[in-house]
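Residue numbers (our numbering): 12 to 274.
Every residue gets a Cβ at the ideal spot worked out from N, C-alpha and C, and that includes glycine.
To keep things clear, I will list the structure first and then write my remarks on it.
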Amino acid sequence: MSLKLGEFQLDIVSDGTFRLDGGAMFGVVPRVLWERVMPPDEKHRVRLGLNTLLIRTPYDTILVDTGIGAKWSARHIEMYGIAHETTVPQSLAALGLSPEDITLVINTHLHFDHAGGNTYRAEDGSLRPTFPKARYVVQRAEYDHAQHPHERDRASYLRDDWEPVAAAGQFDFVDGEAEVSPGVWVVPVRGHNDFTQCARISSGGRTAFYWADILPTTAHLPFAWVMGYDLYPVELLENKKRLIPQAAEEGWLNIFEHDQNCP
């Protein structure tokens, strides 16, 4: 997908697909309902997109989230059904860009399927930031939590995804809602976890909204359809009831990070 938003150029940059347990993706929603819209495989997993967002403005070349990355062992590739039909660097190359062209990375949060592409393993085995000229924007409290996650979400955080970025001094921490580049805001929305931030992009009187794991797919548009992974499902439901009508009323362009068919 590629489109103009005022004076900004937006492109979906794919990192391929992966699979997660369908019951975990839909929480208390009965399987007989969710399997109609997202059929599971023989291991009860559903296929999900890894849709990052490229924003080209007169001021910055921005990437919202970085995908799952390519640092995985064969065992984990099989476990998560990771299929790199393309990668973020390959998708950028198809648009005439390289990782060195990215000046700003927005991490909605630091779970492995959103921040895995922050870093890569070089030929000498060292881990390095994928985007050497970018500042990486994340909520300060999300970074602090990632250092000491609790039992409920510990498996979602992998230090290899952010420690090289921190060591290189490339993190730019924010506290709450902030305009991180002219026309581009990060907007914290509690529910999936404490400190996920969505991205709101506005130019030429139009608005686009990158929902991250607040609305991971179009199948999660019904207010009560929230994930088993969500730490605060009732609060997430209330935020969906607030934001989805606003998106409809104001005609937002909605971007769904994990919808393989309708990013």
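- DSSP places V24 inside the beta strand (DSSP E), whose first and last residues are 19 to 32.
- Excluding its 5 nearest sequence neighbours in each direction, H55 has C-beta neighbours in its own chain below 8 Å: D32, G33, G34, listed in chain order.
- Going by beta carbons, G38 and M238 fall inside the 7 Å limit.
- Note on L44: under 16 other CB atoms within 10 angstroms of its CB, so exposed under the neighbour-count rule.
- Here S214 is near E18, since their CB atoms are less than 7 Å apart.
- Looking only at M12, N118, A145, S192, the smallest Cα-Cα distance to P199 is reached by N118.
- Pairwise C-beta distances place the region 253 to 267 out of contact with the region 101 to 111, as fewer than three of them are shorter than 8 Å.
- One Cα belongs to W263, the other to R146, and the distance between them is close to 27 Å.
- Here L169 has F123 as same chain residues with Cβ atoms under 6 Å from its own Cβ, once five neighbours each way along the sequence are excluded.
- Counting the other Cβ atoms within 10 Å of the Cβ of C209 gives 16 or more, which makes it buried.
- Taking 7 Å as the cut-off, the Cβ atoms of L61 and G92 do not count as close.
- Per DSSP, reduced to three states, the secondary structure at Q271 is coil, with no helix or strand assignment.
- Taking 7 Å as the cut-off, the Cβ atoms of P274 and M12 count as close.
- Relative to V148, the option among F267, T68, Q101, T207 whose CA is nearest is T207.
- Here the C-alpha atom of F184 lies approximately 18 Å from the C-alpha atom of T130.
- Ranking V197, N250, G216, A126 by CA distance to the CA of E174 puts A126 first.
- The beta carbon of G187 lies closer than 7 Å to those of P199 in the same chain, with the five residues before and after it left out.
- DSSP places D124 within a helical segment (H, G or I) once states are collapsed to three.
- Using a Cβ distance threshold of 7 Å, I73 and L103 do not count as a contacting pair.
- In this structure, G216 keeps its C-beta atom at 7 Å or more from the C-beta atom of D241.
- DSSP, reduced to helix, strand and coil, places K144 outside both helices and strands of the structure shown, so it counts as coil.
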